[in-house]
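Following: one structure in structure tokens, then a few remarks.
Protein chains: 2
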Amino acid sequence: MSSDVCDISIIHQDEVDRVAKAMASGPSASAMADFLKALADPTRLKVIQALHHAELCVCDLTALVGISVSGLSHQLRYLRNKNIVKFRKEGKLAYYSLTDEHISQLLDLVSEHISEI
Amino acid sequence: MSSDVCDISIIHQDEVDRVAKAMASGPSASAMADFLKALADPTRLKVIQALHHAELCVCDLTALVGISVSGLSHQLRYLRNKNIVKFRKEGKLAYYSLTDEHISQLLDLVSEHISEI
DNA sequence: TTTTCATTTGAATGGTTGTGCAAATGTACA
DNA sequence: TGTACATTTGCACAACCATTCAAATGAAAA
Numbered sequence: 001m002s003s004d005v006c007d008i009s010i011i012h013q014d015e016v017d018r019v020a021k022a023m024a025s026g027p028s029a030s031a032m033a034d035f036l037k038a039l040a041d042p043t044r045l046k047v048i049q050a051l052h053h054a055e056l057c058v059c060d061l062t063a064l065v066g067i068s069v070s071g072l073s074h075q076l077r078y079l080r081n082k083n084i085v086k087f088r089k090e091g092k093l094a095y096y097s098l099t100d101e102h103i104s105q106l107l108d109l110v111s112e113h114i115s116e117i
Numbered sequence: 118m119s120s121d122v123c124d125i126s127i128i129h130q131d132e133v134d135r136v137a138k139a140m141a142s143g144p145s146a147s148a149m150a151d152f153l154k155a156l157a158d159p160t161r162l163k164v165i166q167a168l169h170h171a172e173l174c175v176c177d178l179t180a181l182v183g184i185s186v187s188g189l190s191h192q193l194r195y196l197r198n199k200n201i202v203k204f205r206k207e208g209k210l211a212y213y214s215l216t217d218e219h220i221s222q223l224l225d226l227v228s229e230h231i232s233e234i
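So the protein sequences, as listed, match chains D and A. Our numbering numbers the first residue of the first sequence as 1 and each following residue consecutively. Our numbering numbers the first residue of the second sequence as 118 and each following residue consecutively.
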């Protein structure tokens, strides 16, 4: 028992200090969680997986994801604002693609992690 | 324009079929999203980051994460049910640790991805 | 035993969010 | 011009979730 501050009692003060210092480097947990939230949804995940294999228009994506057109459009805007997908317009159609194929590395790791449990 | 099924009009049928087949392999999007949700929260992320550096008791974790004791306990149960953390009891204290240090690889990738934007 | 303290649990709540409907936008074609 | 169609957007709502409070559990010390 070492200290008592502000209603929170710290038991291993030295360990806490050491870990706190180690955690200080790198991006904030909020920023990282915010990015991960973009992937932590079945619909958005399917969109990303689909776009990893091809550039696709909204219409085709709805068929692959299984959601209403407007629902998908909302999620595409979400992903656009997070710079995860980009799009180009060609006539009436909007073709979406990934801004950074690097993300699939991350999903591969997740896929691997799940499979081994 | 190629087909019209169930109120959903598919424009590039061949591409859709090809991508659908490619997406079929691997874990379901729901399972992956479910796992990612465990990481997509600042509190849980801080817990995981802290436990990556040391085995810690609940009391110390509250100081590092900045949340009430019971709030933390709820999140620890959540992470326990997902097999992300484990714990051992020593007297009155419960010491938590990561079940799989492999997760930090994933977080490193996320951290890297965020930094390069 | 009684007290003290670390942790867990249940209930309640405020806030967030994924989704669909209906209307709006914009583009090509007749 | 007007029609048809792909996409976006605003609104609304149901479901989910992170958090806190208060009470319960369990284990060591007095």
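Glycine included, each C-beta is placed from N, C-alpha and C at the ideal position. Note that the structure is predicted; figures quoted are calculated from it, not measured.
| query | result |
| --- | --- |
| Going along chain D, which residues have a C-beta under 7 Å from G143/A? | S111 |
| Using DSSP's beta-bridge definition, name the partner residues of V286/A. | Nothing about residue 286/A can be read from this structure; chain A reaches only from 118 to 234. |
| Just tell me which of D100/D, A94/D, A54/D has its CA closest to the CA of L133/A. | Here residue 133/A is Val; the residue named in the question, Leu, does not match the sequence. The option with the nearest alpha carbon to V133/A is A54/D. |
| Which stretch, first to last residue, makes up the alpha helix (DSSP H) that contains E132/A? | 130-141 |
| Grab me the residues of L79/D's own chain with a C-beta within less than 8 Å of its C-beta, minus the 5 sequence neighbours each way, in chain order. | A38, R44, V47, I48, V85 |
| Given this structure, state the Cα-to-Cα distance separating L61/D from F35/D, to the nearest angstrom. | 22 Å |
| Check the Cβ of F35/D against every Cβ in chain A and list those closer than 8 Å, keeping chain order. | V227, H230, I231 |
| For A146/A and P42/D, what's the separation of their Cα atoms in angstroms? | 5 Å |
| What residues match up with C57/D in a beta bridge as DSSP calls it? | Y95/D |
| Could you please give me the residues that DSSP links to I145/A through a beta bridge? | Note that residue 145/A corresponds to Ser in the displayed sequence, not to Ile. Beta-bridge pairing links S145/A to no other residue. |
| Hey, does V16/D have any beta-carbon neighbour from chain A nearer than 8 Å? | yes |
| Comparing C-alpha positions only, which one of I11/D, N81/D, I114/D sits nearest to L200/A? | According to the sequence as given, residue 200/A is Asn; it is not Leu. Closest by alpha carbon: I114/D. |
| Under a CB-based cut-off of 8 Å, is H53/D close to chain A? | yes |
| Among the candidates Q192/A, H129/A, R135/A, L173/A, whose CA atom is the shortest distance from the CA of E207/A? | L173/A |
| Give every residue of the same chain whose Cβ lies closer than 8 Å to the Cβ of A94/D, excluding the five residues on either side of it in the sequence, and list them in chain order. | C57, V58, F87, R88 |
| What does the alpha-carbon distance come out to for the pair A50/D and M140/A? | 7 Å |
| Closest to L64/D by C-alpha separation, out of K138/A, L226/A, D225/A, S228/A, would be which residue? | K138/A |
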